[in-house]
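Its first residue numbered 927, the sequence shown is counted upward by one per residue in my numbering. Backbone N, C-alpha and C fix where the C-beta goes; we use that ideal spot for every residue, glycine too. This one's a predicted model, so the numbers in the text were calculated from it and none came from an experiment.
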Amino acid sequence: MATVDAYSRLKHFDEQYIPFPPFVAAMTAIEANLQMYREAGVATHMLVTGEAGTGKSSLCRWLAHQHPLRVLPERDVVELLVTAIPPAASIASIASTMLEALGDPYASTGTVSQKTHRVITLCRGCGVEMLLFDEAQHLQDRGDTKTHYMVGDWLKHLIDELAVPTVLLGLPRLENVLQVNDQLRRRFSCRRRLAVGQSDTDSIETECLQLFLSLTSLIDIPVLPHPYGAQEMGVRLYYASDGRVAYIKKLLFAALRSALEQDLDAIDAPMLERSFTNEIWWEGVGKLNPFHPDFECRRLDRGGEPFQVASSPGKRRSK
927 MATVDAYSRL KHFDEQYIPF PPFVAAMTAI EANLQMYREA GVATHMLVTG
977 EAGTGKSSLC RWLAHQHPLR VLPERDVVEL LVTAIPPAAS IASIASTMLE
1027 ALGDPYASTG TVSQKTHRVI TLCRGCGVEM LLFDEAQHLQ DRGDTKTHYM
1077 VGDWLKHLID ELAVPTVLLG LPRLENVLQV NDQLRRRFSC RRRLAVGQSD
1127 TDSIETECLQ LFLSLTSLID IPVLPHPYGA QEMGVRLYYA SDGRVAYIKK
1177 LLFAALRSAL EQDLDAIDAP MLERSFTNEI WWEGVGKLNP FHPDFECRRL
1227 DRGGEPFQVA SSPGKRRSK
């Protein structure tokens, strides 16, 4: 049974960010854009893409933590406005979400033009210096090409009116929205990708191992890779996570929890094997489990497997 101290250690581990190179590169570029705006008044926009679990929302949370809301006697100052685009987003729902983040008590009321006007007015009044739109792939999950163009055109109008740096973060299919609207595409020509495998010197398996080791350094329970060596453990970690940071962290979190609950002195490969089955893929047993000796050593991206590539939402057929 886990103790209060064990839960505290799990919470501390869960709150840690993993500064892997693409994350740091995107973070640095975004901060540089903010500094450029502050010093020169130049608004540079950026697109950040990555598969699920690669750190996009964590990047937003980290930036929001670095630039928190400041409550002054005369007004609230919102340096960074972070907006999570709702599923099947419409212009009205995006505007309402932004108004809610800005503290508008009537965020859901008004026409699109009224909401847009209030967004612009409140952003200026609250001193917003940067817009971040998380889950921005939802911009293309509703309607057809014409709708996508209209949403893109509204967004272009908004960022032109505010003239502050803007960051779109989302799944790779987000780029489809930019392909539809060429004016929006030109504004987001600067792009970053959150994914391992971009190093010129290290293999993707080595990067996964380095990520894992950086996480193990945050806990006070040793991790024993036996019977696998370091290189083979890197390969197995890659297949267990598909190179996605969140899955590496989830895997170690589950193993750490088991170790604390059972009062064990170390985390070993069999424990990672059980953690993969319990937390990542319940059908991942035997040769379908990356930490099992008989694992097939292939990506688990086929139909029904945990890293199956998701297709874009299809258009409904008209009746």
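C-beta contact flag for residue i and residue j at 8 Å
i, j, result
"MET972", "PHE1114", "yes"
"VAL1171", "THR980", "yes"
"LEU1058", "LEU1006", "yes"
"LEU1135", "ALA1156", "yes"
"PRO1153", "ALA1195", "yes"
"THR975", "ARG1112", "no"
"PHE1217", "PHE1202", "yes"
"MET1056", "LEU1198", "no"
"ILE1145", "PHE939", "yes"
"ASP1220", "GLY1210", "no"
"GLU977", "LEU1097", "yes"
"THR1127", "GLY1160", "no"
"PRO1148", "ALA969", "no"
"VAL1008", "ALA990", "yes"
Distance between residue j and residue i (C-alpha atoms, nearest Å)
i, j, result
"ARG1044", "THR1071", "27 Å"
"VAL1004", "SER1129", "41 Å"
"ILE1017", "TRP1080", "7 Å"
"PRO867", "VAL1106", "Any question about residue 867 goes unanswered here, given that the chain covers just 927 to 1245."
"LYS1041", "GLY1051", "15 Å"
"TYR1173", "ARG1162", "13 Å"
"ARG1242", "ALA1180", "In this prediction, ARG1242 has a pLDDT of 42, which is less than 50 and means its spatial position is unreliable; what the coordinates show is noted afterwards. Distance between the alpha carbons of ARG1242 and ALA1180: 39 Å."
"GLU1061", "GLY1053", "24 Å"
"VAL997", "ASP1108", "39 Å"
"SER1167", "GLU1158", "14 Å"
"SER1019", "ALA951", "31 Å"
"LYS1176", "ALA1027", "29 Å"
"SER1022", "MET1076", "17 Å"
"ASP931", "ILE1193", "18 Å"
"TYR1164", "ALA966", "43 Å"
"THR929", "LEU936", "11 Å"
"LEU1150", "ASP1189", "16 Å"
"THR1047", "THR1035", "16 Å"
"SER984", "ALA958", "18 Å"
"CYS1116", "GLY1078", "17 Å"
"GLY1123", "GLU1187", "35 Å"
"SER1184", "ASP1227", "27 Å"
"LEU1137", "ASP1002", "38 Å"
Helix, strand or coil at residue i [DSSP, three-state]
i, result
"ALA951", "helix"
"LEU960", "helix"
"LEU1226", "coil"
"ILE1147", "coil"
"LEU973", "strand"
"PHE1233", "coil"
"ARG996", "strand"
"ASP1126", "coil"
"THR1194", "Strictly speaking, residue 1194 in this sequence is Asp, with Thr absent from that position. The answer is strand: DSSP assigns ASP1194 an E or B state."
"THR1203", "helix"
"ASP1079", "helix"
"ALA1156", "helix"
"ASN1102", "helix"
Nearest to residue i (by Cα), restricted to the options the options
i, options, result
"ALA1010", "HIS1064, VAL1122, LEU1177, ALA1192", "HIS1064"
"GLN992", "LEU1025, ALA1021, ILE956", "ILE956"
"TYR943", "LEU960, LYS982, THR1132, THR929", "LYS982"
"CYS986", "THR1132, ARG1183, GLY1029, LEU1094", "LEU1094"
"LEU1182", "TRP1207, TRP1208, SER1143, ALA1014", "SER1143"
"HIS1074", "GLY1029, GLU1101, ARG935", "GLU1101"
"VAL1103", "GLU965, LYS1082, PRO1031, GLY1169", "LYS1082"
"ARG1099", "ARG935, VAL1038, VAL1235", "VAL1235"
"ASP1030", "GLY1123, GLY1230, PRO999, CYS1049", "CYS1049"
Residues bridged to residue i [DSSP beta-bridge criterion]
i, result
"PHE1059", "THR1009, LEU1094"
"ARG1305", "This structure gives no information on residue 1305, because the portion of the chain shown stretches from 927 to 1245."
"ASP1168", "None, per the DSSP bridge assignment."
"VAL1003", "ARG996"
"ARG1050", "The partner list for ARG1050 (beta bridge, DSSP) is empty, contrary to what the question assumes."
"VAL1118", "Note on identity: in this sequence residue 1118 is Arg, with Val being the wrong assignment. Bridge partners of ARG1118: VAL974."
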